[in-house]
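Contents: one structure, followed by commentary.
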Amino acid sequence: MLSFKRLTPAIGAEVLGIDFTQPIAWQEQQQLQEALVTYQVLFVRNQPITAEQQRDFARSFGDLHLHPIYPKVPNVPEVLVLDNYQTDLTDNAIWHTDVTFIQTPPAACILSAKQVPEYGGDTLWSSGFAAWQGLSPQLRKLLEGLTATHDFVQSFPKERFGNTPETAEQWEKARLTNPPVIHPVIRTHPVTGLKALFVNESFTTVINELPKPESDAILAFLFKHIARPEYTVRWHWQVNDIAFWDNRSTQHYATNDYGKAHRIMQRATILGDKPY
Ligand SMILES: O=C(O)CCC(=O)C(=O)O
Ligand SMILES: [Fe+2]
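Numbering (our numbering), first residue to last: 12 to 287.
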């Protein structure tokens with residue numbers, strides 16, 4: 012029997028009583044889907060799943076995104092590998108929502124911890140609902156109806172992701188297939204109808220309706236606002252933990268404090284709808 016233990020008032024719950032190495036019953040699947048919207052991020056301890064199991068579970072929620080840059084698990088391209096010995100992951104130590112540089116950003120992501128440092132390497136999630144509700148009515152009025160540009164290149168610059176003969180072609184292709192896109196600054200969650208702040212420091216470059224200096228100042232404020240501890244939950248990883256988050260209403264930050272310790276995570280990314 013599934014149960015959920017809430018972790019903070021704003022966001023996060025631990026899921027108890029589930030085994031992802033076994034097929035998930037339809038009823039459990041429904042419960043998880045509902046809980047994902049309620050808690051925004053779910054954590055499950057002790058789930059030694061294979062990449063194929065992770066892919067298949069993720070696929071039961073929707074089509075999967077193939078990341079244009081990050082390395083993939085061999086033969087399982089739907090599961091990407093975040094290995095600090097292999098890839099520059101410093102941009103994950105910025106508050107961000109995954110893959111907002113496409114027209115239909117992910118609805119949800121599933122992250123599995125394969126190797127973790129003894130200490131450090133925690134990940135934090137922030138609630139876009141709580142952040143929105145934490146703004147004054149005056150600022151909310153200003154932001155509603157505004158749009159922002161999201162650009163892949165801001166977080167994956169050529170200097171770091173396309174600067175070798177092996178990566179240059181992949182990077183150029185990624186840039187061409189991922190031109191900048193426009194999303195609302197405040198999005199409406201398609202399931203709950205709640206509003207969430209939807210600009211993030213990784214990919215959002217400008218609020219389109221404002222002069223650049225005003226856009227810069229307001230974005231800087233919003234990026235700081237989303238990080239307020241009251242809106243967040245912090246997870247300390249053990250190997251084989253899973254995090255499953257609603258990528259429509261949250262941002263996350265992978266703490267970069269573990270130096271040369273080896274940390275490996277694998278992620279499946281479930282595509283969503285066009286934000287409105
Ligand atoms: O490494 C982590 O904990 C999270 C990395 C990240 O940003 C992601 O998986 O989307
Ligand atoms: Fe991320």
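We put the beta carbon where it would ideally sit given N, CA and C, even for glycine. Given the structure is predicted, the values throughout are model-derived calculations rather than measurements.
Given this structure, state the Cα-to-Cα distance separating residue i from residue j, to the nearest angstrom.
| i | j | result |
| --- | --- | --- |
| I253 | T32 | 12 Å |
| N86 | V48 | 31 Å |
| I237 | A21 | 12 Å |
| A62 | T199 | 32 Å |
| D94 | M276 | 6 Å |
| T188 | Q41 | 34 Å |
| R186 | G28 | 43 Å |
| A351 | L230 | Only positions 12 to 287 of the chain appear in the structure, and residue 351 is not among them; the question remains open. |
| A24 | L18 | 5 Å |
| D257 | D227 | 27 Å |
| I121 | F255 | 4 Å |
| N103 | A36 | 33 Å |
| L154 | L100 | 31 Å |
| T115 | L75 | 11 Å |
| E212 | L77 | 22 Å |
Could you give the DSSP three-state label for residue i: helix, strand or coil?
| i | result |
| --- | --- |
| K271 | coil |
| E45 | helix |
| R153 | Sequence inspection shows Leu at residue 153; the Arg mentioned does not correspond to that position. In the structure shown, L153 sits in a helix (DSSP, three-state: H, G or I). |
| S138 | strand |
| K285 | coil |
| P240 | helix |
| Y264 | strand |
| T2 | Nothing can be reported for residue 2, as the shown portion of the chain is limited to 12 through 287. |
| W143 | helix |
| Q38 | helix |
| D94 | strand |
Go to residue i, then tell me how far its alpha helix (DSSP H) extends in each direction, as first and last residue.
| i | result |
| --- | --- |
| D67 | A62 to R70 |
| I237 | K223 to I237 |
| S166 | F163 to S166 |
| T178 | P176 to T188 |
| F172 | K169 to F172 |
I'd like the span of the beta strand (DSSP E) that includes residue i, first residue to last.
| i | result |
| --- | --- |
| P195 | V192 to P195 |
| D257 | I253 to D257 |
| Q126 | P117 to Q126 |
| S14 | S14 to R17 |
| D133 | Premise fails: D133 is in no beta strand (DSSP E) and is neither H nor E. |
| F54 | V52 to V55 |
| T203 | Note, T203: premise wrong, no beta strand (DSSP E); not H, not E. |
| I218 | T215 to I218 |
For this session: Evaluate the contact criterion for the segment 184-198 versus the segment 235-248: three or more CB pairs, one atom per stretch, below 8 Å.
Result: By the C-beta criterion, the segment 184-198 is judged not to be in contact with the segment 235-248, since fewer than 3 inter-stretch pairs fall below 8 Å.
Problem set entry | Stretch pair the segment 214-227 + the segment 154-173: three plus CB contacts closer than 8 Å | With a cut-off of 8 Å, the segment 154-173 and the segment 214-227 count as touching, because enough Cβ pairs lie within range.
Exercise. Around ligand 2, which residues pass a check of Cβ closer than 6 Å to any of its heavy atoms?
Worked result: Chain-ordered list of matching residues: N103, H107, D109 and H263.
For this session: Please determine if the segment 135-150 and the segment 256-263 are in contact, where contact requires at least 3 C-beta pairs separated by less than 8 Å.
Result: The segment 135-150 is in contact with the segment 256-263.
Exercise. Is the segment 200-209 touching the segment 140-152 in the sense that three or more CB pairs, one from each, lie closer than 8 Å?
Worked result: By the criterion of at least three beta-carbon pairs nearer than 8 Å, the segment 140-152 is in contact with the segment 200-209.
Exercise. With a cut-off of 8 Å, do at least 3 Cβ pairs link the segment 49-61 to the segment 265-274?
Worked result: No contact exists between the segment 49-61 and the segment 265-274.
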